[in-house]
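One structure is given below, encoded as structure tokens.
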Amino acid sequence: MMIAEAVLGATNLSKSFNLTAALRGATLSISEGEIAAIVGPSGSGKSTLMHCLAGILTPDSGEVLFRGRRVDDLSETKRTQLRRDQYGFVFQYSQLVEELTARENIALPLVLRGKSRRRALMEADRWLQRLGIDSCSERRPSQLSGGQGQRVAVARAMISRPAVVFADEPTGSLDTAAGELVLSLLIESARRHKAAILLVTHDQTVAARADRVINVQDGIVEDRVMGRPL
Ligand code: ADP
Ligand code: MG
1 MMIAEAVLGA
11 TNLSKSFNLT
21 AALRGATLSI
31 SEGEIAAIVG
41 PSGSGKSTLM
51 HCLAGILTPD
61 SGEVLFRGRR
71 VDDLSETKRT
81 QLRRDQYGFV
91 FQYSQLVEEL
101 TARENIALPL
111 VLRGKSRRRA
121 LMEADRWLQR
131 LGIDSCSERR
141 PSQLSGGQGQ
151 RVAVARAMIS
161 RPAVVFADEP
171 TGSLDTAAGE
181 LVLSLLIESA
191 RRHKAAILLV
201 THDQTVAARA
211 DRVINVQDGI
221 VEDRVMGRPL
């Protein structure tokens with residue numbers, strides 16, 4: 001039997017905010033290139049889980065592993081570096097830099113990683129074409145439709161060839177048609193570059209596009225694959 005290697009793992013993660021226990025024991029494992037939907041009611045701890053996995057939040061207890069290496073106890077500098085080098089992010093609202101054009105927003109992650117502006121912009125042009133938004137190249141974020149903005153956000157997340165894309169309700173602010181297009185482009189791009197996706201959604205049709213669905217209930221995550229004998 002082929003066993004896909006885990007790109008991201010967590011054991012028994014807990015996280016509280018004051019008196020609210022947002023996560024109460026989350027254990028899961030995501031394989032290289034796997035598209036996993038995280039579903040659960042509002043307030044069940046989905047975003048907190050994502051933020052702990054991505055190193056944006058430090059869990060109170062438990063461990064986070066990236067390619068078998070513990071990463072939750074790294075210094076803030078090392079975690080920032082890990083996010084920049086290995087992860088991509090797509091949020092519900094595109095969170096683009098208003099002072100930059102769509103093209104410059106997409107190129108930004110490469111510039112931050114030390115690529116020349118010229119080469120970063122050339123790579124951005126490829127992504128603009130691939131995602132069908134080359135006509136938006138010189139527009140500012142406020143001049144984009146919701147769907148166009150999310151396509152720019154997908155391009156920005158993918159341009160640095162991340163190992164994992166964290167997508168928290170990426171189609172949550174879009175109508176059905178625009179949402180389906182953004183989701184298709186995100187999944188297609190991730191498949192092409194063998195990136196795993198953690199896709200938080202409350203939409204069943206969105207979850208149906210994933211390889212696997214992980215349920216979050218009251219801060220508890222049951223990832224059945226973890227407990228199954230291999
Ligand atoms: P979801 O993404 O599933 O809607 P969250 O992870 O955002 O759930 O929230 C889980 C619980 O933790 C909720 O009760 C929420 O109110 C609480 N929570 C999340 N973030 C914070 C925070 N920064 N400060 C205080 N409480 C928070
Ligand atoms: Mg959330």
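Here the sequence shown is numbered in UniProt numbering, starting from 1 and rising by one per residue. Each residue gets a CB set at the ideal place from its N, CA and C atoms; glycine is no exception. Please read these numbers as outputs of a predicted model, since none were measured by experiment.
From which residue to which residue does the alpha helix (DSSP H) around Asp168 run? The count along the sequence shown starts at 1 and reaches residue 168 at position 168. Careful: Asp168 lies outside any alpha helix (DSSP H), inside the beta strand (DSSP E) at Val164 to Asp168.
Ordered along the chain, which non-local residues of its own chain (more than five positions away) have a Cβ less than 8 Å from that of Gly227? Taking the first residue of the sequence shown as 1, we reach residue 227 at position 227. Because Gly227 sits at a pLDDT of 44, beneath the cut-off of 50, its placement in the model cannot be relied upon, and the point is left open.
Identify every residue that forms a DSSP beta bridge with Gln217. Residue numbering aside, residue 217 sits at position 217 when the sequence shown is read from its first letter. The bridge partners DSSP lists for Gln217 are Ile220.
Sorted by chain position, which residues of the same chain lie with C-beta nearer than 6 Å to Gly33's C-beta, five sequence neighbours on each side aside? The residue given as residue 33 occupies position 33 in the sequence shown. Once the five neighbours on either side are set aside, the close Cβ partners of Gly33 are Lys194 and Ala196.
Cβ shell of Asp218 (< 8 Å), same chain only, five flanking positions each side left out: For the purposes of this step, residue 218 is identified with residue 218 of the sequence shown, where counting begins at 1. For Asp218, where only same-chain residues beyond five positions count, the Cβ hits under 8 Å are Arg24, Ser44 and Gly45.
Contacting residues, own chain, Cβ-Cβ under 8 Å from Asp211 (five flanking each side not counted): In the sequence shown, counting from the first residue as 1, residue 211 sits at position 211. Glu34, Ile35 and Ala36, listed in sequence order.
What's the C-alpha gap between Ile214 and Leu96? Within the sequence shown, residue 214 is the residue found at index 214, counting from 1. Within the sequence shown, residue 96 is the residue found at index 96, counting from 1. Approximately 29 Å, taken between the alpha carbons.
Looking at the ligand ADP, does it come within less than 7 Å of Gln201, judged from the CB to the closest heavy atom? In the sequence shown, residue 201 corresponds to position 201, counting from 1. The residue you asked about is not Gln; residue 201 is Thr in the sequence shown. Look at Thr201: its beta carbon is at least 7 Å from all of the heavy atoms in the ligand ADP.
Below 7 Å, is the gap between the Cβ of Ser173 and the nearest heavy atom of the ligand MG? Counted from its first residue, the sequence shown places residue 173 at position 173. Ser173: no, Cβ never under 7 Å from the ligand MG.
Mind checking whether the beta-carbon of Phe17 lies closer than 7 Å to any heavy atom of the ligand ADP? In the sequence shown, counting from the first residue as 1, residue 17 sits at position 17. Answer for Phe17: yes, Cβ within range of the ligand ADP.
Quick one: give me the first and last residue of the beta strand (DSSP E) that Gly25 is part of. Position 25 of the sequence shown, counting from 1, holds the residue named residue 25. Counting along the chain, the beta strand (DSSP E) containing Gly25 begins and ends at Thr20 to Ser31.
Do the segment 155-163 and the segment 80-90 meet, that is, are 3 or more Cβ pairs less than 8 Å apart? Contact between the segment 155-163 and the segment 80-90 is present: three or more C-beta pairs spanning the two stretches fall below 8 Å.
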